[in-house]
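Colleague: Residue numbers (my numbering), protein chains in the order written: chain R, 269 to 382; chain V, 13 to 123.
From the three backbone atoms N, C-alpha and C, an ideal C-beta is built for every residue, glycine too.
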């Protein structure tokens, strides 16, 4: 595996509470991504990072923020969780120096918002 | 933005039968990638195709990239229960050039 870990792996929270998911890599790769996966929608990009403190929005970024203060860590924050954010969240890193390379995915974080 | 359409959404086969999933785009793709996700697991990279008309094989899996680079297919010969999972295609698209995933084809194999 590519040395990528996500935490927590499972979380149940209530509507309106803040949630932070962590992605940690040991590979020193530049590009990191957060995707969400929902039935019928496949994998959709939330945010991505192309370096420390360099982040940008993906196709479904509303309600999410990210931070990358170190190369190895990429955090995804839901400031005020809603039921529509119940999903499985995957972090990924790009194996190449650019964004077009193959992705290695973490094990996923299953979030349930009640 | 760019989309990749993947069909079928589901496929149920008897073990030993062949399986094919298709990925189509309205625009020319620079490359296409294929991933497999086992039930309860995470997507795992299978292969990347770059050249027009490219065909690559991995044991019982055959990947093709169309001549116009607008479509691709994954064919599995003589499916086995270990092939169960969801197969995704993905292509670089959008103004940012990030990977855009198809919605996947979920394969079930009856022993």
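Please list, in chain order, the chain R residues whose beta carbon lies closer than 8 angstroms to that of residue 5/V.
Modeller: Absent from the structure is residue 5/V, since the part of chain V shown begins at 13 and ends at 123.
Colleague: Please confirm if the stretch 316-331 of chain R is in contact with the stretch 296-303 of chain R, defined as three or more CB-CB distances below 8 angstroms between the two stretches.
Modeller: In short, these stretches touch, since the Cβ pair count reaches three.
Colleague: I think residue 271/R touches residue 293/R, with their Cβ atoms under 8 angstroms apart; what is that distance to the nearest whole Å?
Modeller: Counting from 1 along the first chain, the entry for residue 271/R is found at position 3. Counting from 1 along the first chain, the entry for residue 293/R is found at position 25. Confirmed, about 6 angstroms.
Colleague: Examine chain V for any beta-carbon lying closer than 9 angstroms to the beta-carbon of residue 332/R, and answer yes or no.
Modeller: Mapped onto the first chain, residue 332/R falls at position 64. Answer no: the Cβ-Cβ gap between residue 332/R and chain V never drops below 9 angstroms.
Colleague: Step through the CB atoms of chain R and report whether any lies within less than 9 angstroms of the CB of residue 73/V.
Modeller: Within the second chain, residue 73/V is the residue found at index 61, counting from 1. With 9 angstroms as the cut-off, residue 73/V does not count as an interface residue toward chain R.
Colleague: Starting from residue 47/V, trace the beta strand (DSSP E) both ways and give me its first and last residue.
Modeller: If you number the second chain from 1, residue 47/V lands on position 35. First-last of the beta strand (DSSP E) with residue 47/V: 44-49.
Colleague: Going by alpha carbons, who is nearest to residue 31/V out of 77/V, 102/V, 98/V, 51/V?
Modeller: Locating residue 31/V in the second chain gives position 19, counting from the first residue. When only C-alpha atoms are compared, the closest one is 98/V.
Colleague: So is residue 286/R buried or exposed if we call it buried at 16+ other beta carbons inside 10 Å?
Modeller: Translated into the one-based positions of the first chain, residue 286/R becomes position 18. By the 10 Å Cβ count, residue 286/R comes out exposed.
Colleague: What are the boundary residues of the beta strand (DSSP E) that residue 382/R is part of?
Modeller: Reading the first chain from its first residue, position 114 is the one you call residue 382/R. Note, residue 382/R: premise wrong, no beta strand (DSSP E); not H, not E.
Colleague: At a cut of 8 angstroms, does the stretch 73-93 of chain V reach the stretch 352-359 of chain R through at least three beta carbon pairs?
Modeller: No, because fewer than three Cβ pairs between the stretch 73-93 of chain V and the stretch 352-359 of chain R fall closer than 8 angstroms, the two stretches do not touch.
Colleague: What residues from chain R crowd round residue 45/V, counting only those whose CB sits closer than 7 angstroms?
Modeller: In the second chain, residue 45/V corresponds to position 33, counting from 1. By Cβ distance, chain R contributes 370.
Colleague: Starting from the C-beta of residue 62/V, find all residues in its chain whose C-beta is less than 7 angstroms away, skip the five residues before and the five after it, and write them out in chain order.
Modeller: One-based indexing of the second chain puts residue 62/V at position 50. 43.
Colleague: In chain R, which residues lie less than 7 angstroms from residue 111/V when you measure between Cβ atoms?
Modeller: Sequence index remark: in the second chain, residue 111/V carries index 99 (1-based). Near residue 111/V (Cβ distances below 7 angstroms), the residues of chain R are 371.
Colleague: Quick one, are the C-beta atoms of residue 295/R and residue 57/V less than 9 angstroms apart?
Modeller: By one-based count along the first chain, residue 295/R stands at place 27. By one-based count along the second chain, residue 57/V stands at place 45. No, these two residues do not count as a Cβ contact at 9 angstroms.
Colleague: Mind listing which residues of the stretch 301-315 of chain R have their C-beta closer than 9 angstroms to chain V's C-betas, in chain order?
Modeller: The residues in question are 301, 303, 305, 308, 309, 310, 311, 312, 313.
Colleague: Just checking my contact of residue 279/R with residue 344/R at CB under 8 angstroms: how many whole Å lie between their CB atoms?
Modeller: The residue labelled residue 279/R in the question sits at position 11 within the first chain. The residue labelled residue 344/R in the question sits at position 76 within the first chain. Rounded, the Cβ-Cβ distance is 12 angstroms, inconsistent with contact.
Colleague: To the nearest angstrom, how far is the alpha carbon of residue 48/V from that of residue 55/V?
Modeller: Residue mapping note: residue 48/V aligns to position 36 of the second chain, counting from 1. Residue mapping note: residue 55/V aligns to position 43 of the second chain, counting from 1. Roughly 5 angstroms separates the two Cα atoms.
Colleague: If you reduce the DSSP assignment to three classes, tell me which class residue 94/V lands in.
Modeller: Within the second chain, residue 94/V is the residue found at index 82, counting from 1. It is helical.
Colleague: In three-state terms, what does DSSP make of residue 329/R?
Modeller: What you label residue 329/R is simply residue 61 of the first chain in a count that begins at 1. Reduced to three states, the DSSP call for residue 329/R is coil.
Colleague: In three-state DSSP terms, what is residue 84/V?
Modeller: As a first step, residue 84/V is located in the second chain; it is residue number 72 there, counting from the start. Reduced to three states, the DSSP call for residue 84/V is strand.
Colleague: List the residues that DSSP assigns as beta-bridge partners of residue 278/R.
Modeller: As a position in the first chain, residue 278/R is number 10, starting the count at 1. DSSP, once it has assigned bridges, lists 378/R as partnering residue 278/R.
Colleague: Which residues in the same chain have their Cβ closer than 6 angstroms to the Cβ of residue 28/V, if we skip the five residues on either side of it in sequence?
Modeller: Locating residue 28/V in the second chain gives position 16, counting from the first residue. Excluding residues within five positions, the ones whose Cβ falls inside 6 angstroms are 90.
Colleague: Tell me the rounded alpha-carbon separation between residue 375/R and residue 275/R.
Modeller: Working through the first chain from its first residue, we reach residue 375/R at position 107. Working through the first chain from its first residue, we reach residue 275/R at position 7. Approximately 9 angstroms, taken between the alpha carbons.
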